[in-house]
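What follows is a set of notes on a single structure, which appears directly below.
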Amino acid sequence: MYNMMKTLTLAKQVRRDIIDLTYKAGTNGTHIGGSLSIVEVLSVLYNDILKLNKSDMTDDTRDRFILSKGHGAMAQYAVMHRVGILSDEDIASFKKDGSSFSTHPYMNVKKGIEFSTGSLGHGLSLGVGSALALKRKNNVTSKVFVMMGDGECDEGSIWEAAMSASNFGLNNLVLIIDKNRLQLDGFIEEIMKQDSLEDKWSSFGWKVYGTDGHDVDAIYKTFSEALINQKQPVVVFAHTIKGKGVSFIENKYNWHIGVLNDELYKKAIEELEA
Amino acid sequence: MELNRQNIRTYSLLGSHRTFGQIALEFPKIDDKIVILAADQCSPAGLEYFRDQYPDHYYNVGIAEQNLVGIAAGLAKEGFKPFVTAQATFSTTRCFDQIKINMGYMNFGIKIVGLSAGLAIGQYGATHMSMEDIALTRAIPNMVVLSPADCTETAKALLAAAKDSRPTYIRLSGWMNNPIVYKEDYDFEIGKAITLKEGSDVAIIATGTMVYNSLKAAKILEEQGVSVKVVDMHTIKPLDKQAVLECSKSKLLVTVEEHSVIGGLGSAVAEEIALYKEKSRHLIIGVEDHYVKPGEYNYLVKQVGLSAEQVAERILKVL
Amino acid sequence: MSNLEKYTNAFVTCFEVDEETAKRLKYQDISAWDSVGHMGLIAALEEAFDIMMETDDIIDLSSFEKGKEILSKYGIEF
């Protein structure tokens, strides 16, 4: 049952976790901007939308979630930890040398990390293959969720996959585009224009939805609507703010990867707790 | 399946690319989890029969090699066994990152069937020549790289791959009316080189189409009193080190391949023997580091110096 | 078996047709005589007459009648 307060609390904890994990990562920094932008969407997904058997993440009846924007892994780990999929040890090993839980997802079937990602533009093809496989298995109850960044849409392979998803009639594939309007080098508008991105997806045969990506109620309602009686591949544009929640990180492209020293950490925590 | 004189000759006439389409018809009998994905290469691969007989086991993803390998990875993750196919050059260079991440890093047992490798469709120009595919694929951890000598071995390699769980690149070289090296059925094992001919002066390790040319070159050399051993190295990776060790004991070790001299069979052998205390000199024969103008297959083989006569001549020069 | 019998037999076996049909056949008249079936026929003819055909001849063999003409180049008389 959807419980807005529970999901809001989760999102709040996760945002705080991201700040803590970044602080602990020290001078190497983390991909903090793009992690903060997906906190609410991931919280809704893991709390209210994805069908998962937390005691057996390989359960074939599960929904598959693929983080194509691999640099958002820190947010995914934090959410998975808070909902009881990842252990305290798992999350404590984040970015430690030799860890399985590092900057980008490392395939870990038992723990529910479906694929290794990090090289952008791969996740949607993996999703198309997974969705085709579910159909081959006559698994009509599971769905495949893929989360991408808007900057990631620069990759040509995304459009190969987009075309094939509608060609193969994948009504079990749900894509989320984290539209935070920034890529590593700056505002997307200034780097590589993506004029009317929604129209592009629509013209590729996808049903397009949009939501405020930081409003858990709106996100939940959008997914609920998109998933009912799905007839074709669906894309949900989550309109977000890169670095959401911390004023000096928000909308700053140079916080794609960021370091929190003592002073900035304190300031960030103060803002989150205000 | 039984390989006999008649289907062996039929495959040779069809060429290795369309032999794939015939052998694919055996796949569902071997493993129902096998699916085939083509990147708009159904008819060059002779897959129309498979498509029509097993439509549920077949996908055409269009001219999109990155998506080809990515979709295959999704299917492999869920327990299926995808064979994917496109021209050798596009199925390797065009989607190298997908191969690296999905087949190497995540170790999915996808099989890539690279059609018309080397100079086979060189009439279309250097865009369609595949001189780097062995170098690329063998640089990736976990990969198995197969390079059958003729269409009989193409059949054997495909059938072996269908029963193998490892990520594999199968390089199909040569053109229609492909010369026959193996006239009858024989034992084929991935990773185990086949000595086709013994000899004491020169040891030739060849792969793909160059196995046949090397046998012919050996004949020319023997007429001049040089005793030549010829080994079919159908598996470039994992390399049969024992076979290499034995060849390194002759007066001259020669590798011959229809592939760049950089990074292919010659390099693999050179890497292996580098630390041997006693070894013969090693002549690497392949396509030199340049592009050739388009042309018909047999013309191109001569242009790059890979005809049997040219191979024999080059060996004599350094002997 | 006469050469004509051997020759006809190759068509009958490869394409699963009766002799009368075989004698009227042209390339792609029936689904069995497609590009792959063609190579199967060539292999059968080579085996039956113990010959190795040239690529041009393989391509030119476009009908039952034409085939007889081509095989005569290899010393096979009908």
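So the protein lines, in turn, are chains A, B and C. Sequential numbering of the first sequence, starting at 19, is according to the working numbering. Sequential numbering of the second sequence, starting at 470, is according to the working numbering. Sequential numbering of the third sequence, starting at -18, is according to the working numbering. Positions of the beta carbon are idealized from the N, C-alpha and C atoms, including for glycine. Please read these numbers as outputs of a predicted model, since none were measured by experiment.
Query, Result
"Under 8 angstroms, with one C-beta from each stretch per pair, do the segment 38 to 47 of chain C and the segment 7 to 22 of chain C reach the 3-pair mark?", "yes"
"Starting from the C-beta of V780 of chain B, find all residues in its chain whose C-beta is less than 7 angstroms away, skip the five residues before and the five after it, and write them out in chain order.", "N682, S683, A686, V725, I754"
"Taking the C-alpha atoms as reference points, what is the distance between L200 of chain A and V253 of chain A?", "19 angstroms"
"Is the beta carbon of H513 of chain B sitting closer than 9 angstroms to the one on L584 of chain B?", "Rather than His, the amino acid found at residue 513 of chain B in this sequence is Pro. Their beta carbons are under 9 angstroms apart, which means P513 of chain B touches L584 of chain B by this criterion."
"Along chain B, in chain order, which residues have C-beta atoms closer than 8 angstroms to that of L150 of chain A?", "Y528, I540, G543, L544"
"With 16 other CB atoms within 10 Å as the buried threshold, where does F559 of chain B fall?", "buried"
"Should the segment 602 to 612 of chain B be regarded as contacting the segment 744 to 758 of chain B, the criterion being three or more beta carbon pairs within less than 8 angstroms?", "no"
"For chain A, find out if any of its Cβ atoms is closer than 9 angstroms to the Cβ of N473 of chain B; answer yes or no.", "no"
"What number of angstroms, rounded off, separates the C-alpha of E107 of chain A from the C-alpha of R34 of chain A?", "18 angstroms"
"Taking C-alpha atoms, which residue in B:L744, B:A631, B:S729 lies nearest to V770 of chain B?", "B:S729"
"Can you tell me the Cβ-Cβ gap for I477 of chain B and K652 of chain B, rounded? I've got them flagged as a contact below 8 angstroms.", "7 angstroms"
"D81 of chain A and S143 of chain A - do their beta-carbons sit closer together than 9 angstroms?", "no"
"Are the C-beta of G531 of chain B and some C-beta of chain A separated by less than 9 angstroms?", "yes"
"When you compare only the Cα positions, how much space is there between T76 of chain A and L68 of chain A?", "14 angstroms"
"So is A556 of chain B in contact with chain A if we call contact Cβ pairs under 9 angstroms?", "First, the amino acid is wrong: residue 556 of chain B is Gln here, not Ala. No, because no Cβ of chain A sits closer than 9 angstroms to the Cβ of Q556 of chain B."
"List, in order along the chain, the chain B residues whose C-beta lies closer than 9 angstroms to that of H140 of chain A?", "Q535, G539, A542, D566, Q567, I570, N571"
"Rounded to whole angstroms, what is the Cα-Cα separation between C564 of chain B and L26 of chain A?", "41 angstroms"
"With a threshold of 16 other CB atoms inside 10 Å of the CB of S669 of chain B, please say whether the residue is buried or exposed.", "exposed"
"So, does the CB of T562 of chain B fall closer than 9 angstroms to a CB anywhere in chain C?", "no"
"Is the shortest distance between the beta-carbon of R154 of chain A and the beta-carbons of chain B less than 9 angstroms?", "yes"
"Determine the extent of the beta strand (DSSP E) in which R750 of chain B is found, giving its start and end residues.", "750 to 756"
"Whole-angstrom Cβ separation of E601 of chain B and G732 of chain B, contact assumed at under 8 angstroms?", "7 angstroms"
"Classify F205 of chain A: buried if its beta carbon has 16 or more other beta carbons within 10 angstroms, exposed otherwise.", "exposed"
"Mapping the DSSP letters down to three states, classify A533 of chain B as helix, strand or coil.", "coil"
"Output the distance between the C-alpha atoms of P617 of chain B and K632 of chain B, rounded to the nearest integer angstrom.", "17 angstroms"
"Give a yes or no on whether the C-beta atoms belonging to T554 of chain B and I590 of chain B are separated by under 9 angstroms.", "no"
"Using a 10 Å radius around the Cβ and a threshold of 16 neighbouring Cβ atoms, would you call N536 of chain B buried or exposed?", "buried"
"Counting only Cβ pairs nearer than 8 angstroms, list the residues of chain B close to M(-18) of chain C.", "Neighbours of M(-18) of chain C on chain B: none; closest Cβ ~17 angstroms, over 8 angstroms."
"Under 7 angstroms between beta-carbons, which chain B residues line up against S221 of chain A? List them in chain order, please.", "Going along chain B, no residue has its Cβ under 7 angstroms from S221 of chain A, so there is no contact; the nearest lies around 16 angstroms."
"Which one of B:A629, B:E534, B:M702 has the shortest CA to CA distance from V738 of chain B?", "B:M702"
"Which whole runs of the beta strand (DSSP E) in the segment 74 to 123 of chain A are 3 residues long or more, in chain order?", "82 to 85"
"So Y638 of chain B is in the alpha helix (DSSP H); what residue range does that whole segment cover?", "It is not in any alpha helix (DSSP H) - Y638 of chain B instead sits in the beta strand (DSSP E) that spans 637 to 642."
"Could you check how far apart the C-beta atoms of K502 of chain B and F549 of chain B are, in whole angstroms? I think they sit under 8 angstroms.", "5 angstroms"
"Output the distance between the C-alpha atoms of A292 of chain A and V162 of chain A, rounded to the nearest integer angstrom.", "37 angstroms"
"State yes or no: is the C-beta of L506 of chain B within less than 9 angstroms of the C-beta of Y527 of chain B?", "yes"
"Sorted by chain position, which residues of the same chain lie with C-beta nearer than 6 angstroms to A595 of chain B's C-beta, five sequence neighbours on each side aside?", "Y760"
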